[in-house]
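Scroll down for the structure; my scribbles are underneath it.
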Amino acid sequence: MRRPRIIVTRRWPEAVEQALQARFDVTLNANDHPFSAEEMRHALTGFDAVLTTVSDRIDGGLLRAAPLRCRLLASYGVGYNHIDIDAARELGLCVTNTPDVLTDCTADLALTLMLMVARRAGEGERQVRSGQWKGWRPTHMIGTRLSGKTLGIIGMGRIAHAVAVRAHHGFGMKIVFFNRSRVEPARLAGLQAEQCDTVDEVLAQSDFVSLHCPGGADTRHLIDRERLARMQPHAFLINTARGEVVDEIALAEALQRGTIAGAGLDVYAAEPSVTPALLKMENVVLLPHLGSATRETREGMGMRVVDNVSAFFDGHEPPDRVV
Ligand code: DGY
Numbered sequence: 009m010r011r012p013r014i015i016v017t018r019r020w021p022e023a024v025e026q027a028l029q030a031r032f033d034v035t036l037n038a039n040d041h042p043f044s045a046e047e048m049r050h051a052l053t054g055f056d057a058v059l060t061t062v063s064d065r066i067d068g069g070l071l072r073a074a075p076l077r078c079r080l081l082a083s084y085g086v087g088y089n090h091i092d093i094d095a096a097r098e099l100g101l102c103v104t105n106t107p108d109v110l111t112d113c114t115a116d117l118a119l120t121l122m123l124m125v126a127r128r129a130g131e132g133e134r135q136v137r138s139g140q141w142k143g144w145r146p147t148h149m150i151g152t153r154l155s156g157k158t159l160g161i162i163g164m165g166r167i168a169h170a171v172a173v174r175a176h177h178g179f180g181m182k183i184v185f186f187n188r189s190r191v192e193p194a195r196l197a198g199l200q201a202e203q204c205d206t207v208d209e210v211l212a213q214s215d216f217v218s219l220h221c222p223g224g225a226d227t228r229h230l231i232d233r234e235r236l237a238r239m240q241p242h243a244f245l246i247n248t249a250r251g252e253v254v255d256e257i258a259l260a261e262a263l264q265r266g267t268i269a270g271a272g273l274d275v276y277a278a279e280p281s282v283t284p285a286l287l288k289m290e291n292v293v294l295l296p297h298l299g300s301a302t303r304e305t306r307e308g309m310g311m312r313v314v315d316n317v318s319a320f321f322d323g324h325e326p327p328d329r330v331v
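Numbering (the numbering used here), first residue to last: 9 to 331.
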């Protein structure tokens, strides 16, 4: 029987590529270049499944223009806002993602950003490396502690819950959150956290605000100039969700003016570009979209895709089907 023809848009961990090769007729991206629109069109028209990821752009125009051979878009990552889901649904495509396996590592990275920005770790490291450090002194590089502070969470999904557990049990932080739907206490699994009715209520009382909502039209610039102005001047904004959730220009202005104290970012609206003003600021920690970047997690994500693709071509419901 003919093996399904699949194409992988980026390099994936070796063990995962081998697992794919053992089961399918696979085309890999040996030099890991980002696909152009033309290459994506070729993938959609010439392969049974496209194994995509967050650095791709699969918009409605591309999907509707191509005479599709592809029946499955199996995405490597939990967020899938790089795919036009409405167009995929309309065209009868199956779309899968990789939840759960990256929850802990992404939560760890949100805590990393909180600690780095509050304790001025990036700034301190730059000082040591540049030979500018003059030695210990009582007033040197004073930061802010996490312990006992209030963490505000926007979007209480799996990753947010893992962040809240770490912050509450590890640092004794009080947790307040906004979520579009009511979160039943059972879903909080014993975590003490107070649900607020509005984003603004969370912003007004938090010392740290961590974003965990999905990307997309509904959440684009959710944190804009007005919302930044609702935060406390000593507060820090943390984003491990999607860059477009924050208006980066407004954020840079807010940081310059002292509207908020600092920001820790792992994601950007136009990756890999970063709003230039942010690059110059000491009170911003900038990481290159590392949320899920551990060996264990990246392999786990890939194996989850292998399971989804295998189920699909075996005629079963893929475990992580989103469309
Ligand atoms: C995701 O999974 O959506 C991340 O952004 C990549 O790990």
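Quick reminder that beta carbons are idealized off the backbone N, C-alpha and C, glycines included. Quantities reported herein were computed from a predicted structural model and do not represent experimental measurements.
| Item | Value |
| --- | --- |
| Measure the C-alpha to C-alpha separation of Asp92 and Gly68 and round it to an integer number of angstroms. | 5 angstroms |
| Keeping to the same chain, check which residues put their C-beta closer than 6 angstroms to that of Val254; ignore five residues upstream and five downstream. | Ile231 and Asn247 |
| Would you list the one or two residues that DSSP bridges to Val293? | Gly272 |
| If we call anything under 9 angstroms between Cβ atoms a contact, is Cys88 one with Val330? | Note that residue 88 is Tyr in the sequence shown here, rather than Cys. Yes, the Cβ-Cβ distance between Tyr88 and Val330 is below 9 angstroms. |
| Under 9 angstroms between C-beta atoms, does Pro326 make it to chain B? | Looking for chain B here will not work: only one protein chain is present. |
| Listed in chain order, which residues are found with a beta carbon closer than 6 angstroms to a heavy atom of the ligand DGY? | Val62, Gly85, Val86, Gly87, Leu110, Gly299 and Ser300 |
| Please name the residue in Thr35, Leu119 and Glu133 whose C-alpha comes closest to that of Ser155. | Leu119 |
| For Val136, count neighbouring C-beta atoms within 10 Å of its own C-beta (all shown protein chains included) and say buried if the count is 16 or more, exposed if not. | exposed |
| Would Val184 and Ser214 qualify as a contact pair, given that the criterion is a beta-carbon distance under 9 angstroms? | yes |
| Whole-angstrom Cβ separation of Cys221 and Ala249, contact assumed at under 8 angstroms? | 6 angstroms |
| Which whole-angstrom value describes the C-beta separation of Val125 and Gly251, a residue pair presumed to lie in contact below a C-beta threshold of 8 angstroms? | So it is not a contact: roughly 17 angstroms between Cβ atoms. |
| With distance defined between alpha-carbon atoms, name the residue in His169, Pro280 and Gly266 nearest to Thr111. | His169 |
| In its own chain, which residues sit with a C-beta less than 7 angstroms from the C-beta of Ile66, not counting the 5 before and 5 after it? | Met48, Thr60, Leu81, His90, Ile91 and Asp92 |
| Name the one or two DSSP bridge partners that Ser218 has. | Ile161 and Ile246 |
| Which one of Leu273, Glu234, Leu71 and Asp322 has the shortest CA to CA distance from Gly54? | Leu71 |
| Using only alpha-carbon positions, find the residue among Val58, Asp226 and Arg265 that is nearest to Met239. | Arg265 |
| Quick check on Leu80: does DSSP put it in helix, strand or coil? | strand |
| With H, G and I counted as helix, E and B as strand and the rest as coil, what does DSSP make of Val210? | helix |
| Does DSSP put Leu59 in a helix, a strand or coil? | strand |
| What are the partner residues of Ala278, as DSSP defines its beta bridges? | Ser281 |
| Classify Asp64: buried if its beta carbon has 16 or more other beta carbons within 10 angstroms, exposed otherwise. | buried |
| One question on the structure: do Ala212 and Leu236 come within less than 9 angstroms of each other, judged by their Cβ atoms? | no |
| Under 9 angstroms between the Cβ atoms of Arg306 and Trp20? | yes |
| Would Gly163 and Arg128 qualify as a contact pair, given that the criterion is a beta-carbon distance under 9 angstroms? | no |
| Quick check on the DSSP output: the beta strand (DSSP E) that includes Phe185 runs from which residue to which? | Lys182 to Phe186 |
| Quick check: what's the CA-CA separation for Gly180 versus Glu98? | 47 angstroms |
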